[in-house]
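Q:
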Amino acid sequence: MYKVISREAIAPDTFDIWLEHPNIHKRAKPGQFLILRLDEFSERIPLTIVSTAEGRVRVIIKAIGKSTYKLCAVKPGDTIADIVGPLGNPSEIDRFGTVCVIGGGVGIAPLFPIARALKEAGNRVVGILGAAKKELLIMKDEFLPYLDELYITTDDGSEGIKGNVTVALQEVLKKEKVEFIWAIGPMVMMKFVSLMAAENDILCWVSLNPIMVDGTGMCGACRAEVGEEVKFACVHGPEFDGRKVKWDELIKRQYQYREEEKQAMEDYVKEMGGKNA
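Read in order, the letters of the sequence shown are residues 7 to 283 in the numbering used here.
In structure tokens, the structure reads:
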């Protein structure tokens, strides 16, 4: 059992949680993830590592369905049954030159350790952080020390550039010779960033978040077509060259359990008497 150290709401339905773990901080690297299980009856939930400290690991979770709402409802002092990790391959950090890091929604959180590592490696790091509206934008102040330039986009124009992250990326590419792009966020966002990267002949790393069960490559649920090969996000990734990902098939499979997820959430709300995290 692993203790919840702290839980803070940082945006609507989005929580910053520190968990106790004796070993993860010794091995975790940018780009890797954990799998959490709240109790013996709970779903296994993959979450990217945001930060670590001695004996602690940090995750940021957006409550979307039943399992994430239950996890976001934990309080300091509560316990988590299982924390497995670090899993997946770390990001390939090196001194590249000018790098553009792009985060959308809660995908901003897993982008943070990558941006920090790229800056510490000596790169010029240009950041683009996007959200539907100002209230949903997270971690902006934490990114600032590790960015040479920051662009903010919101769908409704409540902060920064009105539009999605590709609008800002167009501006960056007009001004900068970008060597690499990292993009993490909704699959549709990563798809269109990858298309722009391909048009400009820029390597674009994306962190895939397909449906995942065991996290060890045994179940095959997290398969993705990359180039002409089938890859498993948990063991071959989670990062891949977005220019080679077969996005349409991956996006379609992401929603194959939508009705079951909706029903599970409705049942959970009834069980909680209409209350959530």
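No residue lacks a Cβ here, since even glycine has one placed at the ideal position from N, Cα and C.
#1: Report the residue ranges of all alpha helix (DSSP H) runs contained in full by the stretch 33 to 99; include only those spanning at least 4 residues, in chain order.
#2: Strictly by DSSP, which residues pair up with Asp-247?
#3: For Lys-140, which residues of its own chain have a beta-carbon under 7 angstroms away from its beta-carbon, when the five flanking residues on both sides are left out?
#4: Please list the terminal residues of the continuous alpha helix (DSSP H) segment that includes Ile-120.
#5: In this structure, does DSSP put Phe-149 in helix, strand or coil?
#6: In angstroms, rounded to a whole number, what distance separates the CA positions of Gly-169 and Phe-47?
#7: So, Pro-192 versus Gly-109, is the Cβ gap smaller than 8 angstroms?
#8: Closer than 6 angstroms by C-beta to Ile-41: which residues in its own chain qualify, once you throw out the five before and the five after it? Chain order, please.
#9: Please report how far the alpha carbon of Leu-209 lies from the alpha carbon of Cys-106, in whole angstroms.
#10: Could you tell me whether the Cβ atoms of Ala-17 and Leu-142 are closer together than 8 angstroms?
#11: Taking the alpha carbon of Ala-115 as the reference point, which residue from Trp-188, Ala-127 and Pro-82 has its own alpha carbon closest?
#12: Between the Cα of Arg-43 and the Cα atoms of Asp-247, Pro-96, Tyr-8 and Glu-255, which residue gives the shortest distance?
#13: With distances taken between CB atoms, is the gap from Pro-244 to Gly-83 smaller than 8 angstroms?
#14: Please work out which residues of its chain come closer than 6 angstroms, Cβ to Cβ, to Glu-14, disregarding the five sequence neighbours upstream and downstream, and give them in chain order.
#15: Please determine, among Ala-230, Val-171 and Tyr-157, the residue with the shortest C-alpha to C-alpha distance to Asp-254.
#16: Contact check, Leu-124 vs Val-132 under 8 angstroms by CB: the rounded distance?
#17: By Cβ distance below 8 angstroms, which residues in the same chain neighbour Thr-85 in space, the five residues on each side in sequence not counted?
#18: Between which two residues does the alpha helix (DSSP H) carrying Cys-240 extend?
#19: Where does Gly-111 fall in DSSP's three states?
A: Walking through what the data contain:
#1: Taking only runs of at least 4 residues, the alpha helix (DSSP H) segments lying wholly in the stretch 33 to 99 are 72 to 78.
#2: Residue numbering aside, residue 247 sits at position 241 when the sequence shown is read from its first letter. DSSP links Asp-247 through a beta bridge to Trp-211.
#3: Looking up residue 140 in the sequence shown gives position 134. Take Lys-140, set aside five residues on each side of it, and the residues of its chain with a beta-carbon closer than 7 angstroms to its own are Thr-160, Ser-164 and Glu-165, in chain order.
#4: As a working note, residue 120 is residue 114 in the sequence shown. Judged by DSSP secondary structure, Ile-120 falls within the alpha helix (DSSP H) whose first and last residues are 114 to 126.
#5: Along the sequence shown, read from residue 1 onward, the residue named residue 149 stands at position 143. Phe-149 falls in the helix class under three-state DSSP.
#6: Within the sequence shown, numbered from 1, the residue matching residue 169 stands at position 163. Within the sequence shown, numbered from 1, the residue matching residue 47 stands at position 41. Going by the C-alpha atoms only, they are around 41 angstroms apart.
#7: Looking up residue 192 in the sequence shown gives position 186. Looking up residue 109 in the sequence shown gives position 103. Cβ atoms of Pro-192 and Gly-109: not closer than 8 angstroms.
#8: Walking along the sequence shown from the start, residue 41 turns up at place 35. Here the set comprises Arg-50, Pro-52, Val-90 and Gly-221.
#9: Here residue 209 refers to the residue found at position 203 of the sequence shown. Here residue 106 refers to the residue found at position 100 of the sequence shown. Going from the Cα of Leu-209 to the Cα of Cys-106 covers about 11 angstroms.
#10: To locate residue 17, count along the sequence shown from 1; it is residue 11. To locate residue 142, count along the sequence shown from 1; it is residue 136. Cβ atoms of Ala-17 and Leu-142: closer than 8 angstroms.
#11: Here residue 115 refers to the residue found at position 109 of the sequence shown. Considering only alpha carbons, the answer is Trp-188.
#12: Residue numbering aside, residue 43 sits at position 37 when the sequence shown is read from its first letter. When each option's Cα is compared against that of Arg-43, the closest is Tyr-8.
#13: Position 238 of the sequence shown, counted from the first residue, corresponds to residue 244. Position 77 of the sequence shown, counted from the first residue, corresponds to residue 83. Between Pro-244 and Gly-83, the C-beta spacing is not below 8 angstroms.
#14: Here residue 14 refers to the residue found at position 8 when the sequence shown is read from its first residue. By the criterion of a C-beta distance shorter than 6 angstroms, Glu-14 is surrounded in its chain by Asp-22, once the five residues flanking it on both sides are discounted.
#15: For the purposes of this step, residue 254 is taken as residue 248 along the sequence shown, with counting starting at 1. It is Ala-230 whose Cα lies nearest to the Cα of Asp-254.
#16: Counting from one through the sequence shown, the residue named residue 124 turns up at place 118. Counting from one through the sequence shown, the residue named residue 132 turns up at place 126. Separation of the CB atoms of Leu-124 and Val-132 is rounded to 10 angstroms, and the pair is thereby denied contact status at 8 angstroms.
#17: One-based indexing of the sequence shown puts residue 85 at position 79. Contacts found: Met-7, Tyr-8, Lys-9 and Val-10.
#18: Working through the sequence shown from its first residue, we reach residue 240 at position 234. Its alpha helix (DSSP H) spans residues 239 to 242.
#19: Here residue 111 refers to the residue found at position 105 when the sequence shown is read from its first residue. Correct three-state label for Gly-111: helix.
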